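Going by numbering that gives the first Met the number 0, 63 is the number at position 64 of the sequence shown; the sequence numbering is gapless.
Backbone N, C-alpha and C fix where the C-beta goes; we use that ideal spot for every residue, glycine too.
These numbers come from a predicted model, not from an experiment.
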Amino acid sequence: MNTSAGEPPGGAGPGLREDGRTGIGRPREDGRTGTGGSREDSRRGTGRTGVGRSRAGAPSGDTAPSMSVPAVRAAAGIDASAVVGTGGASAVVGIGDASAVLAGLGVGGAPAVAARPPIFAAPLSDPRAMLGTVETRSVSPVFVGRAAELGALADALTRAAAGEPQALLLGGEAGVGKTRLIEEFATAAGRTGAVVAVGGCVEIGADGLPFAPFSTALRALRRQLPDELAAAAAGQEAELARLLPELGEARRGPRDDEEGTARLFELTARLLERLAADRTVVVLLEDLHWADASTRHLLAYLFRTLRSGRLAVVATYRADDIHRRHPLRPLLAELDRLRTVRRIELARFNRTEVGRQIAGILAAEPDPAQVDDIFERSDGNAFFVEELAVAAHEGCCTGLTDSLRDLLLVRVEGLPESSQRVARIVAEGGSTVEYRLLAAVARLAEDDLIEALRAAVGANILIAAPGGDGYRFRHSLVREAVSDDLLPGERSRLNRRYAEALEADPALVPADERAARLASYWYHAHDAAKALPAVLDASVEARCRHAHAEQLRLLERAMELWELAPDSIRAGLRPVDYAEVYPPCGCDPATTPLRYLDLMAEAAVAGRLCGERERALKITRRALRLLEDEDDHHPNSPSGSGRGDPLRAAWFWAQRSRLVQTTARGDGWKELATAQELVRGLPPSEVHAEVLATVANWSMVHEPGPDALMAAERAVEYARMVGARDIELNARLTLGGLLVEAGDIEAGLTELHEVKEQAKALGDAAVLGRLHVNLPSHLEGIGRSQEAVRVLKEGVGLARRLGLLDIEALVWGNLAESLHSLGRWDEAGEAAISSERVGQSAKRRGFHATLHAHFALSRGDLTVARRQLTAAREHFGTHDTMPQHALPLGRIAIGVAAAEGRLLDARAELAAALDTGFPPGTQRYGWPLLLAAATAEADALGLPGAEPGRGEVLEDIHKAAKTLATNVPVWQAYGHWLRAELLRAEGAGTPRDWSETVTAFEPLERPYDLARVRHRLAESLLASGADDDARARATELLRLAGAVADHLGARPLAESVALLAQRARLTLSGTTRQSPPADPAEALGLTSRERDVLRLVAAGRSNRQIAEKLFISPKTASVHVSNILAKLGVAGRGRRRRWRIGCGCSRPRHPLPGGGVRHTLERIPAEGGPVFNMFEELFAPGRKHTNDERKRLELSRTDVNDGDPGRGPIDLSSGKVVVRPPKQPPAAPEPPAAPEPAAAPEPGED
């Protein structure tokens, strides 16, 4: 197939979390505090201590011996007066079954409790240190319920630790307890030795920061594993710096970097896999409902492609926010279809669990009526239970008629006025606000600010953010309630203050967030004059990070602001860079002002690169209308022609062509032809060269021929004139391929190899990737499959190294095709699966389905072939029928129809292909299609209903064959083959015709094709009244053809060979005495890859170790091991001697007589008797056998007694293995007529 150019857990500070935990108890390892026992001291040893509860020795869900609340707090050094609801009372708080799950993860016990120091162990620059000791209200320190959910997370951690990457989605409504559950899991995972990194999606206004959770998680990994992360990122720092700026300066990519985003995603996945190679790594991503599009795309990519490593990725989202039009909704639907992704939905608490939670909050058994009231109002939502319990204890006037939102605001309104003001400022600043930025916006004296923060933190309204450099609301619901309560003018004023503070001191926020946050603040301040430049700067930053979805959103915002901004502001704007080869709107880009049309050009490219092609199409349509409006004011231009600005119009038409093709709305030629007409006669320019190169690319895959060759030559010439090196290399790549297809093979290959060397020297990843798809495709097209495989294997490494995801899919697919041609069918199947794993676009899925249909048809699996054929046609659609797609599908459709006896359908498929015709250079697809049609006619000779129309069909095939080139040996051989099949279809074939065909195929590397024509030659020899010499030759030909068919698993060919031998009374197995195979694995029918796996299993390697050694996934390794188990007849890995015999590491105790494939039986006494297998326990004397074992023994019915075929078949009728006495063979019957083709079995049927 050719391609065209184009396409850490916890935090710092006190406070209540979403889960209902507070905090001034004792310091955690990370500096945070927690009431009722720190995370460090409450889960160690033999039991679990909550508030007044010890889990030592207590059965799950039962009440254990209790420890009084005052005793716990006294041991912890906490003043009881600082805690709500102590009152000197003791309480027993149940935690359900979750403790058992946590204990299984190494979390549990009742350790000695360290005393709480009087102040935070933090530097004075840390806002937490400024607060000193803050008293907070108590919220339940006891983890309630969630046993099933913790069990699922524990299972995922276990699987990840075993080397099977895990992907989980945790959903639940706001306040249901997602964060608490994640923190419990993180603590548990940390105690098992796993490295845990937490990242959260950041919301600023209605916007998300590009890649924010991944950047935060990678920073956490860098803090914990600095040397390991540096080693894992070695050589790719410039690319990975787009996610983690601390690695260095991001490399500026080429202007037409189609693969930039895919490359970044692939490098990120490989970075995580390398980090998780020798340790378990858990990545927790919170608040996915706020995620930007780039974060969603990267997460989807990771979930689809993680192949190895001890890695678990868990993402949480707020389920009640996912309305029908929410951008996360389609991602969840897509991930649900992946078998590798598990989704956990967190439900609300029941009444019993609510009672336990309230008891933990109040440190006393609650009144049942109070539990009923709170349960009814909260409906089991954990966060609302906390708020209602605390409010009820404090006597807040929140009757049952009040809304829960009012309840949240009641607690804020109970703060001092300065604290309320600070809360409002934090609410509008984003998910987290840095302390220094908060101080600049609040404009309070530092002591006053500290006191205001102390009150807000003490009331559990605010908490110190993870990392200790700022503040956030304890729960996002409170922030949203406070933000919604702001007055419109107040909101704008706060955003303006944030923007002014950030402009005055950009160091107030992290560098990778600066541009996006400033743009958001000015936009929400409703100041177009300030917002427009800031938004444009943020769009440039997003493009540099390959966050094209955010770039598109920002550019659309800039277009919204364009008319609102003053003329003086617009006149001062300058383009930072131009989209791809989009022409500048003036002679000097440095002095030419930015135009609205320039924004549309950038937005169109951003939409194409991020997959928002429908939005990009709308933008190009609007741009062309604007150009038409300019034409109306241009005196010398026909209306609507774009002649007033032809280069810009041509550029937009070329963009539309690419978008129309990728959205399956058409083949894109009309748009390209318009662009070509617009630049005709203009002086050379980059736009002109790009249009010509695109025309040549399009023609190469749609209508190759002289016009395409001329366009490619002109594109090379124009690109050289204007110094557009990348366009020149792409045009030369197209030119080389067109030369090969035109018959000037050596000149074309020379051009392609020169482009390869020059692209290497320039480091042009896009050209190198495309070359490693097209060069081997052309080599395969001229029959040089071995050379193609070498280039393709190099291409796999290059694509992975550069992160060229789409290119990697095509390389794997082309590798599968070439391996199949070479008769390496098992390897071809693996390559096709690898292609399917990384290629996700509709056309790539169509390519994968075509491969699977082709392979299934060769093996005789018509059900799969038919299903994959239908899928391929759906993926490719009907608007853009490339010959490289349509012709192979036509060939497969003819083959399936013929095998199912639907000759008229096969003829209809041929007629459709002939109507389209075979453009120059499509002989690699045309010859097999015509051959399939001729074979169908020949096989149907003499059948009822086949004769009408036969002559016309054969004549059409003959005429079409004259248009196909035979300029290389492989297509010359196909020409002989087609001629022989046409003669067979007419009943006039001779052995000489087939002998010439066999002679033509023997030097080629096409074992399956050679086996098929050998079978036909044998058939022709036997049908011509053969003498003894001819019969001997036919026997040898059938033996060779049958051996290939058996080895490849080509069932239709194997059955045809066996049937022909039976009809002619030929004995194939006894003609030549085969020596025993030197390798026992050969006798067991193991493939080369299975032998590699078998040797590693025999050496004691696990599936994960096998996967790492052979560069495959653990799941693929598991499939290979299962296949080997079946072939060896072994129940598990424990039978080490059988594994070692199978892989040749040792010999069976009883020598194998006779040899031959599947002959695994010991010497048999002459009078008959029990038979022993080489694996003694499997076929012991008198043992009953399974159906599968009986079938395998039936296949071993000859050569069991020193190769003597006269011993007769093995008798299994008694359930024991005995040998029947020899019998005289009966008189040979007349050869039966050929049976109707049998229906293919379902996959897996014997």
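Worksheet item: How many Å lie between VAL313 and ALA193 at the Cα?
Response: In a straight line, the C-alpha of VAL313 is about 14 angstroms away from that of ALA193.
Discussion item. Rounded to the nearest angstrom, what separates ALA648 and GLU627 at their Cα positions?
Written reply: Their backbone Cα atoms lie some 9 angstroms apart in a straight line.
Discussion item. For the structure I just gave you, are there three or more beta carbon pairs, one from the stretch 770-789 and one from the stretch 721-740, closer than 8 angstroms?
Written reply: Enough Cβ pairs lie closer than 8 angstroms, so yes.
Worksheet item: Beta-carbon separation of ALA480 and LEU387 under 7 angstroms?
Response: For the pair ALA480 and LEU387, the CB atoms are not nearer than the 7 angstroms cut-off.
Worksheet item: Based on the DSSP secondary-structure assignment, which residues constitute the bridge partners of VAL432?
Response: Looking at the DSSP assignment, VAL432 forms a beta bridge with TYR470.
Practice prompt. Measure from the alpha carbon of GLU148 to the alpha carbon of each residue in LEU263, ALA663, ILE343, ALA318, then state which is nearest.
Written response: Here the closest residue by C-alpha is ILE343.
Discussion item. Among TRP289, LEU770, ASP955, HIS296, whose alpha-carbon lies nearest the alpha-carbon of ALA325?
Written reply: One point to set straight first is that residue 325 is His, not Ala, in the sequence displayed. Comparing Cα-Cα distances from HIS325 to each of TRP289, LEU770, ASP955, HIS296, the minimum goes to TRP289.
Worksheet item: Residues bridged to GLY974 by DSSP?
Response: Beta-bridge pairing by DSSP links GLY974 to no other residue.
Worksheet entry | Length at least 4, wholly inside the stretch 307-362: the alpha helix (DSSP H) runs in chain order | Runs found: 327-335, 350-361.
Item to complete: Please name the residue or residues paired with LEU563 in a DSSP beta bridge.
Response: Answer is none; LEU563 lacks a bridge partner.
Worksheet item: Name the DSSP beta bridge partners of GLN165, please?
Response: In the DSSP secondary-structure assignment, GLN165 is bridged to ALA311.
Item to complete: Would you mind working out which of LEU681, ALA933, ARG890 sits nearest ARG949, comparing C-alpha positions?
Response: Checked all of LEU681, ALA933, ARG890; the closest Cα to ARG949 is ALA933.
Discussion item. Measuring alpha carbon to alpha carbon, tell me which residue in PRO703, ALA827, VAL353 is nearest ASN380.
Written reply: Looking at the Cα atoms, VAL353 is the closest of the given residues.
Discussion item. Can you find the residues in the same chain that come closer than 6 angstroms, C-beta to C-beta, to LEU623, ignoring five residues on each side of it along the sequence?
Written reply: Around LEU623: PHE651.
Fill in: ALA848 versus ALA870: straight-line alpha-carbon distance, rounded
Distance from the CA atom of ALA848 to the CA atom of ALA870, rounded to whole angstroms, is 6 angstroms.
Worksheet entry | Residue environment, PRO887, which counts as buried when at least 16 other CB atoms sit within 10 Å | By the neighbour-count rule (16 or more Cβ atoms within 10 Å), PRO887 is buried.
Item to complete: Return yes when the Cβ of VAL837 is within less than 7 angstroms of the Cβ of ALA815, no when it is not.
Response: No, the Cβ-Cβ distance between ALA815 and VAL837 is not below 7 angstroms.
Discussion item. Below 8 angstroms on the Cβ atoms is my contact criterion, and I expect LEU1067 with GLY1041 to pass it. Report the Cβ-Cβ distance as a whole number of Å.
Written reply: About 6 angstroms separates the two Cβ atoms, so the contact holds.
Practice prompt. Could you tell me whether the Cβ atoms of PHE917 and THR965 are closer together than 7 angstroms?
Written response: Contact annotation: PHE917 and THR965 have beta-carbon atoms that are not nearer than 7 angstroms.
Worksheet item: Considering only residues of the same chain and omitting the five flanking positions on each side of GLU1188, which have a CB-CB separation below 6 angstroms?
Response: Caution is warranted here: a pLDDT of 44 is assigned to GLU1188, below 50, making its placement in the model unreliable, and the coordinate value is therefore given only provisionally. If we look at GLU1188 and ignore the five residues flanking it on each side, it has no Cβ neighbours.
Discussion item. Please classify HIS752 as buried or exposed, where buried requires at least 16 neighbouring CB atoms within 10 angstroms.
Written reply: With fewer than 16 other CB atoms across the displayed protein chains lying within 10 angstroms of its CB, HIS752 is exposed.
Discussion item. Beta-carbon within less than 8 angstroms of ALA510's beta-carbon, same chain only, minus the 5 sequence neighbours each way: which residues are those?
Written reply: PRO244, listed in sequence order.
Fill in: Nearest to SER1251 (by Cα), restricted to the options ASP644, GLU685, ARG473, GLU613
Residue coverage of the chain in this structure runs from 0 to 1245, which leaves residue 1251 outside it and unanswerable.
Worksheet item: Closest to ALA292 by CA distance: which of PRO1006, LEU1020, ALA541 is it?
Response: Closest by C-alpha distance to ALA292, out of PRO1006, LEU1020, ALA541, is ALA541.
Worksheet item: Which term fits HIS322, buried or exposed, when burial requires 16 or more other beta carbons within 10 angstroms of its beta carbon?
Response: So HIS322 counts as exposed.
Worksheet entry | Beta-carbon spacing of PHE302, ALA166 below 7 angstroms | Yes; because the gap between Cβ atoms is below 7 angstroms, this pair is in contact.
Worksheet item: Hey, is GLU753's beta-carbon within less than 7 angstroms of any beta-carbon in chain D?
Response: This model lacks chain D altogether; it includes just one protein chain.
Item to complete: Would you decide whether LYS529 is buried or exposed? Buried here means 16 or more other CB atoms lie within 10 Å of its CB.
Response: Sixteen is the threshold: when 16 or more other Cβ atoms of the shown chains lie within 10 Å of the Cβ of LYS529, as they do, the residue is buried.
Worksheet item: Helix or strand or just coil, what does DSSP make of ILE781?
Response: Collapsing the DSSP output to three states places ILE781 in coil.
Worksheet item: Can you tell me where the beta strand (DSSP E) with VAL604 in it begins and where it stops?
Response: Careful: VAL604 lies outside any beta strand (DSSP E), inside the alpha helix (DSSP H) at 595-609.
Practice prompt. Determine which residues share a DSSP beta bridge with ILE462 and list them.
Written response: In DSSP, ILE462 forms a bridge with ARG471.
Fill in: Continuous alpha helix (DSSP H) assignments of at least 4 residues falling wholly in the stretch 238-289
Counting only runs of 4 or more, we get 259-274.
Discussion item. So, with DSSP's three-state summary, where would you put VAL508?
Written reply: VAL508 sits in coil when the DSSP states are folded into three classes, being neither helix nor strand.
Item to complete: List the whole-angstrom C-beta distance separating HIS545 from ARG241, where the pair is believed to meet the contact cut-off of C-beta under 8 angstroms.
Response: The Cβ separation is near 6 angstroms, so the contact holds.
Worksheet item: Does DSSP put GLY170 in a helix, a strand or coil?
Response: In the displayed model, GLY170 falls within a strand according to three-state DSSP.
Worksheet entry | Straight-line Cα distance separating LEU551 from LEU658 | Using only the alpha carbons, I get a separation of about 16 angstroms.
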